[in-house]
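Numbering (the numbering used here), first residue to last: 7 to 304.
Rendered as structure tokens:
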């Protein structure tokens, strides 16, 4: 099932920070069992040292969406993503995956994969072994060697690394290392892909190419993707919806629907619609930063 954005007829959904989000999530969940992939309700985060990273956040992501969280550095984007992954518990509220599915069908930990900011590849292992690692560790319940090899082959093909299976990380460019990291995530055949600024350290040309390839991959594989970035341009290019966060303690201050067909192409980057969406997001973030400065000085 593929879904892209809020109910038909809505040009822009309401800001997701409270009751509007909860109502939309409940309405969508009632339409179909697998409509909602991520359901976050008033989830906040306070670390043991007393630092409040997140104000209560409420948002929903539907299956088949490419949703992006954008905001200034240090606003809690990565913290929120780790809460979705189950790597960090919320201090309050709740985070649920596939809330409408039965427990046996859900298996959240086995249906999601996480791509970190750096490739985090094993330096002593070649690309094929790095990609195979989740299967060797027992994830995805693949015990048959032939089936595991098939999955590795498919993951390598999806990211265009078939000819580099015997290469070591030190022999790869930064972009190719990130492709290997994405292949390692895809080898588990996830339904949900969480990506934490995976292309942030790459040059603009490589980043633009990988953004385009990721858009194609997400559309072809019908993945649900929650992506984190500080780049307005990347967020607009990739997303069906963009959640805008305030400075720390982070909260969702607005949401923008990018109602353009997937997969995205380079022609979209130079279109008037792209420029308009970027200008709108830029204004939102600038306003949030100004409000934060005024609050701090008052």
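Ideal Cβ placement from N, Cα and C applies to all residues, glycine included. None of these values were measured; they are calculated from a predicted model.
A residue is called buried once 16 or more other Cβ atoms fall within 10 Å of its Cβ, and residue 136 is buried on that count. Beyond the five residues adjoining it in sequence on each side, residue 73 comes within less than 6 Å, by CB distance, of 67, 232, 247 in the same chain, given in chain order. Residue environment analysis places residue 128 among the exposed positions, since fewer than 16 neighbouring C-beta atoms fall within 10 angstroms of its C-beta. Cα atoms of residue 280 and residue 242: separation of roughly 7 Å, rounded to the nearest angstrom. Taken in chain order, the complete alpha helix (DSSP H) segments of 4 residues or longer contained in the stretch 210 to 266 are 210 to 227, 238 to 244.
Residue 118 is bridged by DSSP to 198. Counted as a single uninterrupted DSSP element, the beta strand (DSSP E) harbouring residue 72 occupies residues 72 to 76. Residue range 98 to 103 is occupied by the beta strand (DSSP E) that includes residue 103, with no alpha helix (DSSP H) assigned at that position. Here residue 211 is exposed. Its C-beta has fewer than 16 other C-beta atoms within 10 Å. Taking the C-beta atoms as reference points, residue 59 is found no nearer than 8 Å to residue 257. The C-alpha of residue 182 lies about 21 Å from the C-alpha of residue 155. The beta carbon of residue 220 sits closer than 6 Å to none of the beta carbons in its chain outside the five residues before and after it. Sequence-distant Cβ neighbours of residue 180 in its own chain, meaning closer than 6 Å and more than five residues away, are 208. Apart from the 5 residues on each side of it in sequence, residue 93 has no Cβ closer than 7 Å to any other Cβ in its chain.
Per DSSP, the unbroken beta strand (DSSP E) holding residue 61 starts and ends at 58 to 68.
For residue 50, the pairing in a beta bridge is given by DSSP as 98. Note on residue 288: under 16 other CB atoms within 10 angstroms of its CB, so exposed under the neighbour-count rule. The Cβ neighbour count for residue 278, taken over all protein chains shown within 10 Å, is under 16; the residue is labelled exposed. According to the DSSP assignment, residue 123 belongs to no alpha helix (DSSP H), since it is labelled neither H nor E.
In this structure, the straight-line span from the alpha carbon of residue 298 to that of residue 252 is close to 8 Å. With respect to residue 162, residue 191 sits apart: the two C-beta atoms are not nearer than 8 Å. Look at residue 43 here: in three-state DSSP terms it is strand.
The alpha-carbon of residue 82 is positioned some 25 Å away from that of residue 224. Straight across, the Cα-Cα distance linking residue 153 with residue 78 is about 43 Å. Residues 89 of the same chain have their beta carbon placed closer than 8 Å to that of residue 95, with the five preceding and five following residues left out of the count. When DSSP states are grouped into helix, strand and coil, residue 271 belongs to the coil group. With respect to residue 121, residue 173 sits apart: the two C-beta atoms are not nearer than 8 Å. Secondary structure of residue 187 (DSSP, three-state): helix. Between residue 138 and residue 57, the C-beta spacing is not below 8 Å.
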